[in-house]
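Trainee:
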Amino acid sequence: MELFLHYSLIPSFFIILVLTFLQRQEHRRQRDDTTYLLGNHFGIIMPLDFVGTFSNRWSYGIAFGATANKIMFLFSENYQSLRVPQWAQAFMLLIGGIEVGLSHFPFFACLSSEFQLVSSVLGFSYSLIWFVVTVLQIARCPHGQFLGRYESLVFYWPSLLCLVFLLGRFLHMFVKALRVHLGWELQAEEKPILEVHQAEHVKRLLRKPHLQEKKKSWLQTRIYEWDPCFQFPSRMIGTIVLAFICLYLFIVLEFCMFVYVRDKLDVFEGKLESYIDSKNQTGTLTLVILQVKELISVAKGAWMVTILPASLTCVSYLFHILACYRKHMKRLWAGDKHFLPLKFHHPSSSKSVAAIARYSGWQIAYILWGYLIIHVMQSLCGMAIMYSLVLPILHNQGLKMLQGLGISILTLSIIVGLMILQVWIAASFFLQPKLGTDDKQKPLALNNRKAFHNFNYFLFFYNVLLGLGACLSRLLISCILGTWLIARIDRTIMQSGYEGADMGFGAWIGMLYVDHYHTNPVLVSFCHILISVHRERRLQQASKYWCLNQSGGPRVSARSKTRWLLLQTLSNNPRLIPLRKSKLGPSSWEFTQILLTCSES
-3 MELFLHYSLI PSFFIILVLT FLQRQEHRRQ RDDTTYLLGN HFGIIMPLDF VGTFSNRWSY
57 GIAFGATANK IMFLFSENYQ SLRVPQWAQA FMLLIGGIEV GLSHFPFFAC LSSEFQLVSS
117 VLGFSYSLIW FVVTVLQIAR CPHGQFLGRY ESLVFYWPSL LCLVFLLGRF LHMFVKALRV
177 HLGWELQAEE KPILEVHQAE HVKRLLRKPH LQEKKKSWLQ TRIYEWDPCF QFPSRMIGTI
237 VLAFICLYLF IVLEFCMFVY VRDKLDVFEG KLESYIDSKN QTGTLTLVIL QVKELISVAK
297 GAWMVTILPA SLTCVSYLFH ILACYRKHMK RLWAGDKHFL PLKFHHPSSS KSVAAIARYS
357 GWQIAYILWG YLIIHVMQSL CGMAIMYSLV LPILHNQGLK MLQGLGISIL TLSIIVGLMI
417 LQVWIAASFF LQPKLGTDDK QKPLALNNRK AFHNFNYFLF FYNVLLGLGA CLSRLLISCI
477 LGTWLIARID RTIMQSGYEG ADMGFGAWIG MLYVDHYHTN PVLVSFCHIL ISVHRERRLQ
537 QASKYWCLNQ SGGPRVSARS KTRWLLLQTL SNNPRLIPLR KSKLGPSSWE FTQILLTCSE
597 S
């Protein structure tokens, strides 16, 4: 497969050349340019719009999924097509990434090309080549040393499934394009500027709030609320699909490494047992060897058991990232930036553009490394549970374990109780009474000052010791939360003031801002209206007898129409009335006062 990855560049370049020749240039070259002989051919082809594409989302996502095996190949840093020094490995990985991108460029280019008939044939042929080679790879080497029979099928079935989907998609494109070419169907209209879900979102904003309230089901209130006025862009769908497949491949590779290490440990345990038998279980190291064997057994069991919870944790993160993307985008559309750190309210434009290029790759890498770190942490927690709870019972030390557990719980309860008692004493004796009956808490005003100072003095020395435990608990909680949330790129694990050091979170924020500025439904609707009006005016000016098409009914002035639309908008949105400009004429001021009176009544 690695060898075919290099040779696949030949048909890939051919397909790119054909599609580039068919692509028309938007502007012709100047006559003094020697390349004008090419006419308006050889335009730039675009594999995928990473910002504003909402159609064909799953096709693009499956095309990304077909690259999963090659991305894992790059992730393992085994790309060695050329021998280079150690310091130049970063350039080799860059070359490897470009090669993988070129080898899979035809999938995306054929999906997005305007020439559906030609691109569907080329895309189907290229997908079929990859499918045949993958099947031959599985048939030639089906077994492996880690998973036994059908090991290759375990690794390559996601790519096969994606290639089968692409074959069906290109076949569907060919049939549809052929029907259009033969005149059996009408040519589809060009991609609209305003998507349907964006228009519905704007319509919902213009409706009154009480008309939008609907009874939500249990699934919507507890698990997930579907929003028909919001769609995820193709970039997010492709990122999630690719992250799922890469996570699956990473778990399989990790399990293979576990099998390899387990076999080595079994050999090591056999040597330890032979040593014990040779000493007739009377040697001085016998007890230590038994403890080492027990440690190995517990570690293997904990690692095996925690594969499933670690996998489910990362899978839930992928779904949660989509939910956070929708929530954050809606807040930005509404002008709410309070959920962002203060330094991210006005990010750099150049960093945001670079962030949207980084996000997809970084998200996948964060999920993979996050799974490994979460798995290690959960394994350590499992070993701690085994040594603290399970093994003492197996060794007939359950009573001693319960005594130690009870003492620990009692000590912790006393410490927490004393902390709660300090707060209760402060609220009961050292604060002045409430100013009003409706107040939720007492004012921050000291009472019984002499007793308060004695209270502080005598608890000062105890709180020094208590602070030592609080400091260690702070460190422990930070480590647990940091390792648990390491895969979450949508949430920073840095403390307040140091969020800029979290490069993954910076990529997330930059990506959000680019999508916010380029796919905001209100802005896109406004541009759609401007373009539509401009086209209508150009058609009217181009038509010689456009005035004959005007109706003979009563004419309405543009000023009256604008005032009527203003009245409708302000009556449906009374909160906008106080936000109008203060420098208004007499008639406008009276108009605003009337609307305020009507809204209050």
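Using the working numbering, read the sequence shown as starting at -3 and increasing by one per residue.
We put the beta carbon where it would ideally sit given N, CA and C, even for glycine.
#1: Taking only three categories from DSSP, how would you classify residue 442?
#2: In terms of residues, what are the limits of the alpha helix (DSSP H) holding residue 482?
#3: Measuring alpha carbon to alpha carbon, tell me which of 257, 284, 355, 176 ends up nearest residue 269.
#4: Can at least three beta-carbon pairs, one atom from the segment 496 to 509 and one from the segment 329 to 344, be found at a separation below 8 angstroms?
#5: Out of 242, 281, 48, 558, which one is the CA nearest neighbour of residue 366?
#6: If you run the structure through DSSP and keep just helix, strand and coil, what is residue 541?
#7: How about residue 96 and residue 15: are their beta carbons less than 9 angstroms apart?
#8: Spatial neighbours of residue 320 within its chain, please: C-beta separation below 6 angstroms, excluding the five flanking residues on both sides.
#9: Where in the segment 213 to 257 do unbroken runs of the alpha helix (DSSP H), each at least 4 residues long, occur, reported from the N-terminal end onward?
#10: Applying the criterion that 16 or more other CB atoms from any shown protein chain within 10 Å of the CB defines a buried residue, is residue 306 buried or exposed?
#11: State whether the segment 59 to 71 contacts the segment 88 to 104, with contact taken as three or more CB pairs (one from each stretch) at a distance under 8 angstroms.
#12: Counting C-beta neighbours from all protein chains within 10 Å, is the total for residue 548 16 or more, i.e. buried, or is it exposed?
#13: Mind checking whether residue 19 and residue 109 have CB atoms under 9 angstroms apart?
#14: Determine, using beta-carbon pairs with one atom in the segment 347 to 358 and one in the segment 226 to 236, whether at least three such pairs fall under 8 angstroms.
#15: So the candidates are 370, 377, 513; which of them puts its Cα closest to the Cα of residue 327?
#16: With DSSP as the reference, identify every bridge partner of residue 427, one or two as the case may be.
#17: By DSSP, does residue 14 sit in helix, in strand, or in coil?
#18: What is the rounded straight-line gap between the Cα of residue 263 and the Cα of residue 246?
#19: Do you know how far the Cα of residue 54 is from the Cα of residue 179?
#20: Report the three-state DSSP secondary structure of residue 454 (helix, strand or coil).
#21: Check whether the segment 516 to 523 and the segment 187 to 201 touch, using three or more Cβ-Cβ pairs below 8 angstroms as the test.
#22: For residue 226 and residue 314, which I take to be in contact (beta-carbon distance under 8 angstroms), what is that distance rounded to the nearest angstrom?
#23: Within the same chain, show all residues whose beta-carbon is closer than 7 angstroms to that of residue 309, passing over the 5 residues directly before and after it, in chain order.
#24: Our contact map puts residue 375 next to residue 302 with C-beta atoms below 8 angstroms; I'd like the distance itself, whole angstroms only.
#25: Determine the direct distance from the alpha carbon of residue 481 to that of residue 364, and round the result to whole angstroms.
#26: Please report the distance separating the alpha-carbon of residue 86 from that of residue 5.
#27: From residue 489 to residue 274, what does the alpha carbon distance come to, in whole angstroms?
Mentor: In terms of the structure at hand:
#1: DSSP places residue 442 in strand when its eight states are reduced to three.
#2: From DSSP, residue 482 is part of no alpha helix (DSSP H); its letter is neither H nor E.
#3: Comparing alpha-carbon positions, the option among 257, 284, 355, 176 lying closest to residue 269 turns out to be 284.
#4: Segments in contact, yes.
#5: The candidate whose alpha carbon is nearest that of residue 366 is 242.
#6: In this prediction, residue 541 has a pLDDT of 49, which is less than 50 and means its spatial position is unreliable; what the coordinates show is noted afterwards. Correct three-state label for residue 541: coil.
#7: Result no, Cβ atoms of residue 96 and residue 15 do not sit closer than 9 angstroms.
#8: Closer than 6 angstroms at the Cβ level, and outside the excluded window around residue 320, lie 486.
#9: The segment 213 to 257 contains these whole alpha helix (DSSP H) runs: 214 to 218.
#10: Burial call: buried.
#11: Touching, yes.
#12: Note that residue 548 has pLDDT 49, beneath the 50 cutoff, so the model's placement of it is unreliable and no number is given.
#13: Note that the C-beta distance between residue 19 and residue 109 is below 9 angstroms.
#14: Segments in contact, yes.
#15: 513 is the residue among 370, 377, 513 whose C-alpha sits nearest the C-alpha of residue 327.
#16: As computed with DSSP, residue 427 is found in a beta bridge with 442.
#17: DSSP places residue 14 in helix when its eight states are reduced to three.
#18: Between residue 263 and residue 246, the C-alpha separation is close to 26 angstroms.
#19: Taking the straight line from one Cα to the other gives about 28 angstroms.
#20: Helix at residue 454.
#21: With the cut-off at 8 angstroms, the segment 516 to 523 and the segment 187 to 201 touch.
#22: About 18 angstroms; that fails the 8 angstroms criterion.
#23: The residues are 370.
#24: Their Cβ separation, rounded to whole angstroms, is 5 angstroms, which keeps residue 375 and residue 302 in contact under 8 angstroms.
#25: The C-alpha of residue 364 lies about 13 angstroms from the C-alpha of residue 481.
#26: Their Cα atoms are separated by approximately 22 angstroms.
#27: Straight-line Cα distance between these residues: approximately 53 angstroms.
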